[in-house]
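Student: When we follow numbering that gives the first Met the number 0, the leftmost residue of the sequence shown carries the number 0, and every step to the right adds one.
No residue lacks a Cβ here, since even glycine has one placed at the ideal position from N, Cα and C.
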Amino acid sequence: MVTDIPHRASRKELCELHFHLGQSLEPQILWSIAHEQGIKLPSKDYWEFHDLITLNKEDVTWDDYHKLFHWTELIQSSPVAMERTVYEVVSGAYRANNITVLEPSFNPMFRNRGGEQDLDHIILAGLRGMERALIEFPTVRAGLILLLDRRLPVEKNAIVARKAIKYRSRGVVGIDIAGPKNGDFRYEDYRKLYDEVREAGLKTTVHTGEDGTVEEMAHVLKVLALDRINHGFRCAEDPAVMKEVAKRNLCLCLCPTSSLVLKFIKDTAHLKTILRTLIDSGVKFCVNTDNPSMLKTNLAKEIGLVRDAGILSEDEIDQTLAWAREASFIPTQPGKNLYL
Ligand SMILES: [Zn+2]
């Protein structure tokens with residue numbers, strides 16, 4: 000029996016700018032998509048599958064974290080799966096959390112079964128799923144961010160960036176770089192590509208200032224033309240880097256639970272120190288989920304975390320939501336979705 004019927008009237012309109020499609024679907028929907036396509040899973044038992052794609056242990060390593068993407072990305076690796084994934088994520092975010100502005104990200108190169116599937120079909124299917132959700136929920140605004148990855152060679156990442164440009168008018172709003180460290184990866188190799196993407200009217204962000212050092216973040220700021228930053232909380236360690244972030248009006252898209260689970264942020268006291276330092280230094284930030292299904296969280300819970308731990312006041316929470324809306328990559332006029 001349903002006892003807790005959600006209703007918008009009691010809740011704020013939320014905005015989410017940093018979360019990955021690979022870990023944003025409810026496990027039961029992912030299970031259903033896998034079966035729809037006849038994918039052979041490592042278990043025939045739903046609850047074993049559930050445990051396989053969610054984090055269920057105390058000491059999580061960066062490696063554990065990235066391994067969890069294997070099954071979710073494989074299941075999402077077809078046009079049929081991508082259309083349903085984006086449809087479910089966009090419509091579900093509105094129904095469950097009253098999220099009215101959202102920008103899911105994904106890497107099409109990790110959804111083409113090693114080249115068997117056509118990238119254009121994968122991206123277009125995602126856009127179709129987004130449009131279906133936006134027709135059903137017309138007050139929602141959404142745009143897709145294409146991810147580049149540190150593990151891929153620059154040529155493959157350039158293909159993804161140019162697909163983003165190709166589908167700009169259909170609802171791709173920007174690019175991002177994610178993924179674990181790789182000795183061969185150099186930010187300098189992406190300087191021109193980031194400029195090209197911005198000249199084409201798209202926006203750019205990058206994962207930095209989380210697993211790396213504040214020095215690495217300072218380097219990224221020097222090399223790449225950016226519109227905002229994913230994570231980036233390491234800047235709180237260096238006033239000069241905070242000053243640069245504030246000067247360039249770059250909103251940090253933070254993910255509290257994700258960084259706490261990975262121990263990049265030690266505990267809520269450490270989180271409080273970081274967020275208060277950012278506020279005192281004029282650095283804008285917003286709260287996001289990163290990988291909500293894997294981390295068993297959602298945006299309302301993440302905002303509840305900073306509220307209940309006494310880190311931000313209600314007015315400050317509203318301020319972060321305003322910063323998030325201001326930092327959105329979705330080109331639109333007020334009250335009008337560009338893509339419909
Ligand atoms: Zn992320």
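Do you know offhand how far R10's Cα is from L294's?
Tutor: Those two C-alpha atoms are separated by around 23 Å.
Student: By the DSSP assignment, the alpha helix (DSSP H) with A177 in it spans what residues?
Tutor: Per DSSP, A177 belongs to no alpha helix (DSSP H); it is in the beta strand (DSSP E), V171 to A177.
Student: Would T256 and E313 qualify as a contact pair, given that the criterion is a beta-carbon distance under 9 Å?
Tutor: Cβ atoms of T256 and E313: not closer than 9 Å.
Student: Using the C-alpha atoms, what's the distance from R247 back to F18?
Tutor: Taking the straight line from one Cα to the other gives about 23 Å.
Student: Whole angstroms is fine: what's the gap from L13's alpha carbon to D317's?
Tutor: Each residue's alpha carbon lies about 9 Å from the other.
Student: Distance check for E82 and R127, CA to CA, integer angstroms please.
Tutor: Approximately 6 Å, taken between the alpha carbons.
Student: Comparing the CB of N290 with every heavy atom of ligand 3, is any distance shorter than 8 Å?
Tutor: Judged by which ligands are present, ligand 3 is missing from the structure shown, whose ligands are ligand 1.
Student: Of all the alpha helix (DSSP H) runs that stay within the bounds of the region 229 to 286, which reach a length of 4 or more residues?
Tutor: Fully enclosed alpha helix (DSSP H) runs of 4 or longer: 238 to 246, 255 to 260 and 267 to 279.
Student: How long is the line joining the alpha carbons of F184 and W61, rounded to whole angstroms?
Tutor: Going by the C-alpha atoms only, they are around 18 Å apart.
Student: Thinking A177 and H206 are a contact (beta carbons under 8 Å), I'd like their distance in whole angstroms, please.
Tutor: Indeed, because the Cβ distance is near 5 Å, the residues count as touching under 8 Å.
Student: Under 8 Å Cβ to Cβ from L244, same chain only, skipping five residues before and after it: list those, please.
Tutor: Per the sequence presented here, residue 244 reads as Val, with Leu not at that position. The residues are L220, I228, G231, C234, L251 and V282.
Student: For D183, which beta-bridge partners are listed by DSSP?
Tutor: Paired residue(s): none; D183 is not in a bridge.
Student: Is the beta carbon of T204 closer than 9 Å to that of I144?
Tutor: Going by C-beta atoms, I144 is nearer than 9 Å to T204.
Student: Determine the direct distance from the alpha carbon of A308 to that of A161, and round the result to whole angstroms.
Tutor: Reading off the sequence shown, one finds Arg at residue 161, where the question assumed Ala. About 43 Å.
Student: Using CA coordinates, which residue listed in L259, E315 and S23 is at the minimum distance from V59?
Tutor: Nearest of L259, E315 and S23 to V59, Cα basis: L259.
Student: For F68, I'd like the list of residues in its chain whose CB is within less than 6 Å of its CB, leaving aside the five on either flank, ordered along the chain.
Tutor: For F68, where only same-chain residues beyond five positions count, the Cβ hits under 6 Å are G21.
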